[in-house]
Each structure stands twice: as C-alpha cells, then as structure tokens.
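Below is one structure, written out as structure tokens; the observations come after it.
Residue numbers (the UniProt record's numbering): 1 to 781.
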C-alpha cells in the first residue's frame, strides 16, 4: 500500500526516503534551537563585560583612600555601598557559572510502557535508551552532549565514567542490579552524532509515573529547571488521572510550564474504525486538560501542543534512512508518512518552544539580575560622581580660602616686617644716642671718678703697675655701673614695651590657636647691655711722669714758649724790646739798623735756645743776654725769687703731689682714649638692642612661619585631594556611563532577539498538509 501511495503522489521510494530524512534532520532550514545557542553566547558575552565592569568598580571602590572616603561631611562611597559593590563580584561569578552550564532541558513523563524512551531515541535518531514491553526504565536517565567521541555514562555515586554498555543493567527495571527510582544516570553522548545535543539540549527520561508515589520528590529534584515537559500518552487509552495529577503538581511548583502531549502508538489507528472521532475525542480531552485544568495555554495554543505520532515508526524510519537502507514495508503500517510528518511537526514546534522557553526561563532571570546589578552599580557610581563633584567644589572653595589666607598673611607679614624694622631702627638710634651721651658725660666727670679711687699710692714702679691695674678696673666698673643706671633700665623698659607691641601686632594676623602661644614666646629676662670698655687694654700705652719738674725751669719755659700758639708773636715782640733797649734815641736810620740788628739777635737767640735749652751753657748765655738788657739788679732780685719758688716747689713735691699728678695725667690720657671709642661703644650697645629685638621678632614670626607652612601644606594636601577627586569623578562618570551601556545591552538582548522571536513553522507544515491531502485522496480513490 505504501508503494502505491508513493506511485500515486508522483514520488519514488528514493525521493520519499530523502524527503523524510531531510525533514528529520532539519536540513535546508535554520534550526530554531539556534535562538537559544545565539542567545546563550550573547548573554555570556554581556555578563563577561558585566564581570569586567564589576571588577573595575570593585578596584575603584577599594582604591579610594580613607581620606577621600571621609572628605567633607559625607563619604564619597559609604561602607555599605562599598561592601555591596565588592559583593557583586560573587554574584556575577555565580551567574556566569550557571550560564556556562545552562542548557535546554526537556523532561519526558508518562505511564509505564507508553514509549517515553522510544520517543527520545527517535528524536536522537539513535537507539540509546533501553525500551521494550512493560516497565523498562527504572530510574531517571539524562542524555546530554559531550565533546568526546566516545559515549560514556556517569552515576551519582561516582565521578568515574562508565561504559555505556552497563546502562541496561543499571537502568532497566528487569535488571537485578538496577538503581533506585530517584537515582540519576547521565549519558554523555558525542555531540558529533546528534544535532540536538549540539544545540545544548538535554533529554531526561523518567520511570513511569504510575509505579512510584514519590512524585513530589521527583519534581523537586529533576523538574524545577525543566523548560519543556512532554507527556507521552498511549493513544489506545484516554488521558489517565495519574498523568493529570502529576502535571497538576508540576504546575503548582512552576508557573505555566510548557507541556506537549504526544498521543503515541497512533499507528494502531490504521486498523480502527471511526478513527477521526477517536482522534477528536483525544484532542478535546487534551485541550480541555491543558487550557482549563492546567491553564498553561489557551485553546488555540493547546491544540498546537497535541500530536498523534508513532515513535516506533519514526525511530525505525530514521535508523534506516541514516544507514541508507530502504525501510522494509512490513516494518511500517499504512499511513506512516503522515505520522512521521506529525512527529517532525512536533519536533519543529517543540524546538521553537523549548528554545524560546529556555531563553526565557534560563536567561530572563539572569538578565533581570544583571539589570539590577548594573542599576545598583550605576546608582552607586552616580552617587559617587555627584558626591565627588560636591567635594570637588567644596575643596576648590576651601583651597581658594586657604590661598587668600596665605596671600593675606604674606602681605600683612611684609607690612609688619617693614613697620617693625622702622621701629627697631628708631629705637636703636635712640639707644645709640643715649649711650653716646651718657658715655661722654662719664668721660667729662672722669676726674671726679678717678678722685674717688682710694688706694695707697707709692711711686715705686712695681707698686705703680698694680696701682694702674686696679685703677683701670675701678674706672671701667664705675663707668659701666653708671651707664647701667643711666641707660640699661630705660632700655629694658623700652624692650619690654616693644616685645609686647610685637606680640600684639603679630597676634592680629594669626589664627586664634596661635595667639595663645604667641605671648608665651616673649622672653622673660633682664636684658643687660655689655658696654665692653676694656680700660686696661685701652690705656695700656699710658706712661706716667711723676718726676719733679720746676714749673719755671728753662726746660718748662722753653716747652711752654715753643709749644705756645703765640710763639712767633712773642719772639717778634722780644726782638723789638731788645732793639729799643740797646739803642735808645737813635735816628731813623739807626732805628732801622737797630730793628735789623734786633731781628738778627732774636733769630740767633731762637736758634741758640733751640740747641742749648738743655745745657748750662745755654742758661749762662741767656742770663748774659738778660743782664745786658735788664740790668744785674733786676736779675738778682728775679733770681732770688726764682730760687725761693724752686725751693717751695721742691719741698712740696711729696707722694701726695705725685699721686695728684699721676691721676691728672691718667685722666687726660684716659679721656682722650675713651673719646675715641664713644661711637664704637654706642654702636655696640645699639647693635645688642637690635639683635635682641630682631631675635624676639624672629621668634614670634616663627609662629607666623608655622602658620604659613601649615597653610602651604594644607594647600598641597588640597591639591592632592583635588587631583584624586578629579580622578574619582572621572572614573565614577566612566563607570556610570558603562553601566548605562551594559543596561542598554541587556535591554537590547531582551528586546531584539530573545523573548519575543517566534520561529516560523509554515515551511514544515506545508509538506505535512500536502501529504495528508494526498493520503485522503488516495483513500478515496
């Protein structure tokens, strides 16, 4: 019959086999399962970027210095937010790990011997799972793809791969070594042998739901991550309450599970009458169950979820097609093409459904979590950006204030320095004048001071040396004592007043915390001016002359005459007197001659006196000249008086007179020497005052320097903080923008390809409908 059908439809067996084989393989079309594969690759790429973003955000948060975290009134990023950002890394790692393992999972349930394993084998185009009459599958069997070329098997009790040959022994209900009903066997089948496994599909075969009461345990353990449920029902019986109860339990745990109903073993319909009524009955019951009882789809959708197939025929056909051997007519019942097309139609809708469902169930939750993470990170970075800008503005204002304070301090210090220098200069000049005046007064009263020196005087040279030494010390001590009384006390008061003025003046330009320390820096001391007269060395060249010298002696007279300013006038007058005495009453010519002679005499007398003033011969010559001029009587009387005066002076030249002479000589010599050092001493004293004031001002200005240094260090810290804040603002802005980008990527992922794409199935439905029409026409003929 099948041969006549092929002939009547214009197909040969070869073309029919090729058509069926291509339909089963999905050749010539883009698999709807690629939606999940592409979405999985895309979502993994997005979460890789999110992972990198979270790492960058974590580095950014952890890289913030404690100073920046605490700048201003609020931290840029709170510790709670920082902990949240760091914790996102663990969440993203978990999501990426799940995404890597995510696959499309389809679970096959049904009563015992309904053909669940056969359906899976038909879809895999390989007889992998044990099947047969009766209760064959005793435990759960999961078939998943493997990159290895050799098939293997894993059990829950061991990580060591086992041979696929032991599957029947472990999974078959007829085996004595079978596993428990809630055990799982994982079959790792080479992806190169099966297209569906290459597309990240995992098939889960289950024991019959009518052989175990542990349905809740099964659902919790194996079904919560399922994307599609396939209820394999027996077309020879109606939908049983056991099957309905199971899916009611599934529906209570999962929101609107995707359920397909396969009315298997539909090949028996060829031998039944009123098959259309039976089919409609099955269809109505299944639609009512899906739409009204489970409420997982409306009636139109539920109608597209019910298929009437023969898994055995599809498996046999596909196994033969894959080997290239035509299928024997006795292996397939009449109308098998329609059932095979129906199975292919189921696969097409199943692939579209599972791909869409898996994308939604696997990725929607992760996408939402990713969006929440990017939203939270964006919020954190937005807050960090806003806070860093606020801190930046605050720091810039504060920096400008510090800079203004520094400039004001520099200007005020400069003005104060010039003002203080002027005042110090005035005070120094005042002290210098005062010291000079006081020292000159002391020099003028030096004779009185020397008279106060009371020490036994003896003309002996050895005693005289000690006397002079003590006199030096006495004079120096007395002058210094008097200078201290006249100058030091008033200078000390002026210094104290100036110190207080400096402190008060400087306090006006310093902050409050420095003002309290300022007055404690004023020196508490009695300032002593060191006058440093050093009379001993100053008068070291003093040589006294306490030998007796007659005041009217020729030597003294000649010294007085020759040392007098009127020496020339005296000589001229003397010459005139001598001329008038020698030639009185002479004529004019005589007078002129006398004047000439007198001038000659005076010149000779002067010359003679200069050579003979220290000899007796000189004295006799002078006496002769005087005698000739004045007469011997006058000379005699004058001589007597001269002798008496000499005797008086000689008798009165005692030790006391020698002491007075010594002191007079010392006063004259010391006064001349002290006058030489008046300017130097006054300058030294004023310099000491200047140094004292300058030192005090420098000590006080050190506080200003410390304040200035603190301001400069504060400016440096602020510049550093400003630079870091600018970097933080830039980094947080970049991270905020990256969060926007990642959020747009997630939104694009949701919008453009994943949750709303509906792959078309019209191409595959048309051959099915054509085949059914042909079959109907053939039957009528």
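By construction, the Cβ of each residue, glycine as well, lies at the ideal position given by its N, Cα and C atoms.
{"Item": "The stretch 485–500 in contact with the stretch 406–418 per 3-pair CB rule at 8 Å", "Value": "no"}
{"Item": "Residue 190 - DSSP class collapsed to helix/strand/coil", "Value": "strand"}
{"Item": "Three CB pairs or more closer than 8 Å across the stretch 488–496 and the stretch 462–471", "Value": "no"}
{"Item": "Between the CA atoms of residue 65 and residue 785 - distance to the nearest angstrom", "Value": "In the structure as shown, the chain begins at 1 and stops at 781. Residue 785 is therefore absent and cannot be evaluated."}
{"Item": "Selected residue, minimal CA-CA separation from residue 217, among 318, 250, 319 and 195", "Value": "250"}
{"Item": "Residue environment, residue 263, which counts as buried when at least 16 other CB atoms sit within 10 Å", "Value": "buried"}
{"Item": "Limits of the unbroken alpha helix (DSSP H) element including residue 306", "Value": "Not the alpha helix (DSSP H): residue 306 falls in the beta strand (DSSP E), residues 306–308."}
{"Item": "C-beta atoms of residue 205 and residue 120 nearer than 9 Å", "Value": "yes"}
{"Item": "Classification of residue 545 by the beta-carbon crowding that lies within 10 angstroms, buried from 16 upward", "Value": "exposed"}
{"Item": "N- and C-terminal bounds of the beta strand (DSSP E) containing residue 202", "Value": "201–205"}
{"Item": "Anticipated Cβ contact below 8 Å, residue 538 with residue 673, distance rounded", "Value": "5 Å"}
{"Item": "Outcome for residue 201 when other beta-carbon atoms lying within 10 angstroms are tallied against a minimum of 16", "Value": "buried"}
{"Item": "Helix, strand or coil at residue 269 according to DSSP, with G and I counted as helix", "Value": "helix"}
{"Item": "Any non-hydrogen atom of the ligand NAD within 8 Å of residue 436 CB", "Value": "Looking at this structure, you won't find the ligand NAD or any other ligand, since it has none at all."}
{"Item": "Local conformation of residue 238 per DSSP, three classes", "Value": "coil"}
{"Item": "Opening and closing residue of the alpha helix (DSSP H) in which residue 431 lies", "Value": "365–444"}
{"Item": "Complete runs of the alpha helix (DSSP H) confined to the stretch 436–513 [at least 4 residues]", "Value": "446–451, 461–483 and 489–507"}
{"Item": "Length-filtered (4 minimum) alpha helix (DSSP H) runs lying within the stretch 631–680", "Value": "632–652 and 655–676"}
{"Item": "Proximity below 9 Å, CB of residue 129 to CB of residue 143", "Value": "yes"}
{"Item": "Cβ-based neighbour list, residue 81, same chain, cut-off 6 Å, excluding 5 preceding and 5 following", "Value": "380"}
{"Item": "Spatially closest choice to residue 434 from 415, 414, 401 and 489, by CA coordinates", "Value": "489"}
{"Item": "Assigned exposure category for residue 189 - 16 Cβ within 10 Å defines buried", "Value": "buried"}
{"Item": "Pairwise C-alpha distance: residue 719 and residue 56", "Value": "25 Å"}
{"Item": "In DSSP terms, what residue 144 is bridged to", "Value": "188"}
{"Item": "First and last residue of the uninterrupted alpha helix (DSSP H) at residue 62", "Value": "34–63"}
{"Item": "Minimum C-alpha distance to residue 423 - residue among 192, 498 and 365", "Value": "498"}
{"Item": "Inter-residue CB distance, residue 510 and residue 703 (contact presumed, cutoff 8 Å)", "Value": "6 Å"}
{"Item": "Through-space distance from residue 222 to residue 29, alpha-carbon basis", "Value": "The predicted model places residue 29 with a pLDDT of 45, which falls under 50 and marks its position as unreliable; any figure quoted below should be read in that light. C-alpha separation (whole angstroms): 32 Å."}
{"Item": "Residues near residue 305 by beta carbon distance below 7 Å, same chain, minus five either side", "Value": "259, 260, 261, 290 and 297"}
{"Item": "Option in 267, 390 and 147 with minimal Cα separation from residue 728", "Value": "390"}
{"Item": "Length-filtered (4 minimum) alpha helix (DSSP H) runs lying within the stretch 71–106", "Value": "79–101"}
{"Item": "Supposed close pair residue 502, residue 697 - CB separation, criterion 8 Å", "Value": "5 Å"}
{"Item": "Those residues which DSSP pairs with residue 696 across a bridge", "Value": "DSSP, once it has assigned bridges, lists no residue as partnering residue 696."}
{"Item": "Beta-carbon proximity of residue 341 to residue 230, cut-off 9 Å", "Value": "no"}
{"Item": "Reference residue 150; option with closest CA among 387, 163 and 397", "Value": "163"}
{"Item": "Where the beta strand (DSSP E) through residue 154 begins and ends", "Value": "152–155"}
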